[in-house]
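Please read the structure below before turning to the comments.
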Amino acid sequence: MQACRLAVDDLACRRGDRVLLAQLGFALAPGEALHLAGPNGVGKSSLMRVLAGLLRPFAGTVEREGGVALIDERPALDLHQPLGQALDFWRRIDGDAPALAVDMGLEDLADVPVRYLSTGQRKRAGLARVAQSGAPIWLLDEPLNGLDARWTAAAHGLIEAHLQAGGIAVIASHQALALAQCAVISLADFAP
Amino acid sequence: MIRALWAVFRRDVALLLFGAQGRGGAVLPLLFFLAVAMLYPFAVGPDARLLARTGAGVIWVAALLAAILPLDRLIEPDMEAGFFDQWALRGLSEELLMVLRIAAHWLSFGVPLMLAAPLAAGLLGLSGEQLRTVEIGLLAGTPGLAAIGVTIAALTAGLRAGAALGGLLAIPLTVPLLIFGAGSLQPGGEGGLLLLGAASLMALAIAPFAAGAAIRAGRE
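Just so you know, the sequences run in chain order A and B.
Numbering follows our numbering, with no gaps: position 137 of the first sequence is 135.
Numbering follows our numbering, with no gaps: position 187 of the second sequence is 192.
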């Protein structure tokens, strides 16, 4: 896996006219994970988009080294296409990156149009898309929403495998995570 | 990079040409265009001279409205579904994506209109000479219509009532193309084709940057 780094210094995020977070700082090296915790509306999703480079930080800097894969509430899969083809579209774009072997139980769903998938199945498809992208920095916004116990464990296994391979994972979730090693930042402490 | 852009382009063309996911594809603008050409003689009467004199102008109005028809499906659904964000993460610039989308939009309405124009010309009683000018005019003008359409679709994506607003915004911007296109059919108006091509090229040159900036601004 390519070298990667994600460092944030004195970061502030704004949504509309409101400053949600201020003076946030952390640095992640290969193999490290970070859990962004906090109640609804604290700014987890906005922070994820700033980390991904989709939003500009209100203040401070984000340093990224290495490609980024993002999962959020939108699956970015064509609803009318069978899941297999919808994922193949992203595989063609990402190329045959050395991806992790994924078992999110999607083989049986390959012929099912995405619009018929349940919330949890779409989440699994999103995780598979992130895993097949080969990007070293994973930004996972509520990756466990809608997953049952079995697939929550599988998602943990996937993230652990990614960290083992030298990747970085930032996970925004209001649920507790059961990763072996994972720093936790409570975003409520950084509200201005 | 090229492979990624090719994959995106193939998806754009498949969605806009054949339609899916609530997008009608190329059939609806085409039927609309032919319906106007078919209804016009009923409305003004069967006077062949009047039809031949005004018919080419009607073809241009129909073409312009057919180009506006799919505006709300050009950008909005992909923005909603998060495609543009995912492409941005992969380093594909919005400007390049907009070039692809303009090309795909043109393939899905400009080319079908050019194929349908002889049929419309028959319904309106245009001469072969006039049909030739209409076809050259459509070839020169529809890329500009596609460029303006994609720009407006990007600007209005995510707005409430974006579809209605898009139509309103598109009409004044496309008027120059209509004037030069229909003007080229007047006797001695062949110079209009050159102006049409120029207006079209200008729209094509500006559109990817304007639409790309609109997509980025839509993220804030």
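Cβ atoms here follow ideal geometry from the backbone N, Cα and C, with glycine treated the same way.
Below-8 Å beta-carbon distance, residue i vs any chain B residue
i: F192(A); result: The first residue shown for chain A is -1 and the last is 190, placing residue 192(A) beyond what the model contains.
i: I91(A); result: yes
i: A126(A); result: no
i: F87(A); result: yes
i: V60(A); result: no
i: H78(A); result: yes
i: D70(A); result: yes
Spatially closest choice to residue i from the options, by CA coordinates
i: G50(B); options: L128(B), D17(B), G154(B) and R16(B); result: L128(B)
i: L164(B); options: W111(B), G196(B), A219(B) and P181(B); result: A219(B)
i: V236(A); options: V48(A), Q0(A), G14(A) and S43(A); result: No answer is possible for residue 236(A): the residues shown for chain A start at -1 and end at 190.
i: P141(A); options: V40(A), M46(A), L185(A) and W88(A); result: M46(A)
i: Q79(A); options: R120(A), D15(A) and L175(A); result: R120(A)
i: V139(B); options: V18(B), G217(B), G62(B) and A53(B); result: G62(B)
i: P190(A); options: E158(A), L177(A) and A57(A); result: A57(A)
i: A252(B); options: P192(B), I73(B) and L76(B); result: The displayed coordinates of chain B run from 6 to 225. Any statement about residue 252(B) would go beyond what the structure contains.
i: A186(A); options: A27(A), K42(A), R12(A) and Q0(A); result: K42(A)
i: D76(A); options: A151(B), L173(B) and D17(B); result: D17(B)
i: L138(A); options: L68(A), A178(A), P28(A) and G155(A); result: L68(A)
DSSP state of residue i mapped onto helix, strand, coil
i: L9(A); result: strand
i: I81(B); result: Sequence check: residue 81(B) is Glu here, not Ile. The answer is helix: DSSP assigns E81(B) an H, G or I state.
i: P80(A); result: strand
i: A93(B); result: helix
i: A35(A); result: strand
i: D106(A); result: helix
i: F56(A); result: coil
Residue i versus residue j: straight-line alpha-carbon distance, rounded
i: N102(A); j: R15(B); result: The question names Asn, but residue 102(A) is Met in the sequence shown. If I take the Cα positions, the gap works out to 28 Å.
i: A169(B); j: G154(B); result: 13 Å
i: G146(B); j: L201(B); result: 6 Å
i: L55(B); j: P46(B); result: 10 Å
i: L94(B); j: A19(B); result: 23 Å
i: A152(A); j: G124(A); result: 13 Å
i: V112(A); j: A84(A); result: 8 Å
Within chain D, partners of residue i - CB distance below 9 Å
i: H172(A); result: No chain D is present in this structure, whose protein chains are A and B.
Closer than 8 Å to chain A by CB, residue i
i: R16(B); result: yes
i: G87(B); result: yes
i: A93(B); result: yes
i: D90(B); result: yes
i: E100(B); result: no
### Query
Per the contact definition of three or more C-beta pairs closer than 8 Å, is the segment 83 to 92 of chain A in contact with the segment 125 to 132 of chain A?
yes
### Query
Do the segment 162 to 175 of chain A and the segment 30 to 37 of chain A meet, that is, are 3 or more Cβ pairs less than 8 Å apart?
yes
### Query
Is the segment 176 to 186 of chain B touching the segment 102 to 111 of chain B, taking contact as three or more C-beta pairs under 8 Å?
no
### Message
Is it the case that the segment 66 to 77 of chain B contacts the segment 34 to 44 of chain B, given that we only count it when at least three CB pairs across the two stretches are under 8 Å?
### Response
yes
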